[in-house]
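Residue numbers (the numbering used here): 1 to 310.
Even for Gly, the Cβ is constructed at its ideal location relative to N, Cα and C.
Owing to the predicted nature of the structure, the values given are computational and were not obtained by experimental measurement.
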Amino acid sequence: MTTEVSVRTQISSPRVRPLRAPPASPLRFRYASRGAGARVCIAARNPQRSLARAHFGFGRQVEHSLARTHFEELLVPPPTTEDPRARRSTACGGAARLHADGVLTLYDNAESANGYKVRLLAALLGIPLEVVWIDIFRGGSRTPDFLAMSPFGQIPVLRFPDGRVLPESNAILCHLAEGTPYLPAPGYERSRVLAWLFFEQYSHEPYVATPRFILRHTRPDHPRRAELPWRQARGRQALRLLNDALASSSFLMGESPTVADLSLFAYTHRADEAGFDLAEYPNLPPWVERIRALPGFVAMEPPTELTLVD
């Protein structure tokens with residue numbers, strides 16, 4: 001199934017270059033000057049290959065937005081109608097049926113694995129998204145318009161066609177997965193999934209995502225480097241727990257993936273950037289590869305350049 005994905009990139013500084021499609025990338029570009037910056041509209045015929053890369057600058061007070069953004073192939077029979085919207089609606093479950101007449105908008109940043117987890121689930125379910133890249137490193141998440149959607153200035157934020165908004169990456173996952181195999185029906189199994197989502201935000205992310213931020217965006221003599229030993233020690237504890245949970249099953253909830261897997265996959269599969277070696281956790285690399293093999297999987301696209309923060 002081919003999914004149409006529209007990506008708008010808002011660039012807050014004239015010094016930032018527009019996006020460039022990688023060679024052989026099936027993207028079509030349309031540029032329109034608007035104000036001091038530029039807006040790039042991209043249509044990706046196959047989002048499994050590329051969602052787009054943005055050029056970002058980096059500034060102060062961005063780690064919280066990146067590292068603490070509190071904010072199976074589906075076995076369904078093919079529809080009898082030839083209407084593409086009906087086909088998408090049947091395949092995607094509850095969330096897609098609710099929004100068959102409009103495209104959801106995701107406010108995101110390419111450096112955030114919390115936003116990536118939302119894009120990943122949407123791709124797996126075939127839910128169209130319009131992605132607006134927010135330059136959180138230059139105050140893009142502190143504008144009045146953005147704060148009206150996300151009072152804490154955090155990404156990702158999902159905007160519905162009727163204007164409603166939903167922050168918090170794991171809350172967005174649960175909403176999009178409602179009515180699909182990625183989220184069990186209300187009851188004990190769903191509560192187990194929620195327990196993993198809470199674990200991800202409070203026992204895993206601060207000790208995997210934050211070291212990743214420190215190592216990627218600070219100089220070796222930066223004061224925050226002193227946090228690395230204790231954060232990485234707790235990160236190893238979280239990875240061991242995750243490794244043990246996968247000792248007897250392919251995924252966290254059994255033999256089928258859920259949003260619990262996608263949520264924890266987001267930063268775990270980039271743990272090498274945080275100073276961890278997944279080879280020390282024998283159950284994690286096969287689990288990562290099983291998720292990568294899911295139909296519709298899309299990779300996390302890194303920004304094309306990184307700048308150190310003060």
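- Counting every other CB atom within 10 Å of its CB across the protein chains shown gives P156 a total of 16 or more, marking it as buried.
- Residue range 104 to 108 is occupied by the beta strand (DSSP E) that includes T105.
- Taking a C-beta distance under 9 Å as the contact criterion, A209 and L239 do not qualify as a contact pair.
- For R159, there is no enclosing alpha helix (DSSP H); the residue is found in the beta strand (DSSP E) stretching over 157 to 159.
- When DSSP states are grouped into helix, strand and coil, V298 belongs to the coil group.
- The Cβ atoms of L106 and P161 lie no closer than 9 Å to each other.
- Excluding sequence positions up to five before and after T258, its CB lies within less than 6 Å of the CB of Y182, V193, all in the same chain and listed in chain order.
- If the five residues before and after A274 are omitted, its C-beta is found closer than 6 Å to the C-beta atoms of V208, P211, R212, all from its own chain and listed in chain order.
- Cβ contact annotation for R190 (same chain, cutoff 6 Å, sequence separation greater than five): P184, in chain order.
- Judged by their CB atoms, Q154 and P167 are nearer to each other than the 9 Å cut-off.
- Per DSSP, P167 is one residue of the beta strand (DSSP E) stretching across 165 to 167.
- Judged by DSSP in its simplified three-state form, L228 adopts helix.
- Under the Cβ criterion (8 Å, minimum of three pairs), the stretch 278 to 287 does not count as touching the stretch 216 to 226.
- When C-alpha distances from E205 are compared across T180, G126, S169, A226, the shortest belongs to S169.
- Closest in alpha carbon position to L294, among A113, L120, A110, is L120.
- Cα atoms of V288 and G140: separation of roughly 32 Å, rounded to the nearest angstrom.
- Looking at the backbone, the Cα of G296 and that of R159 are separated by about 23 Å.
- Between M300 and A113, the beta carbon gap of about 6 Å places them in contact (Cβ cut-off 8 Å).
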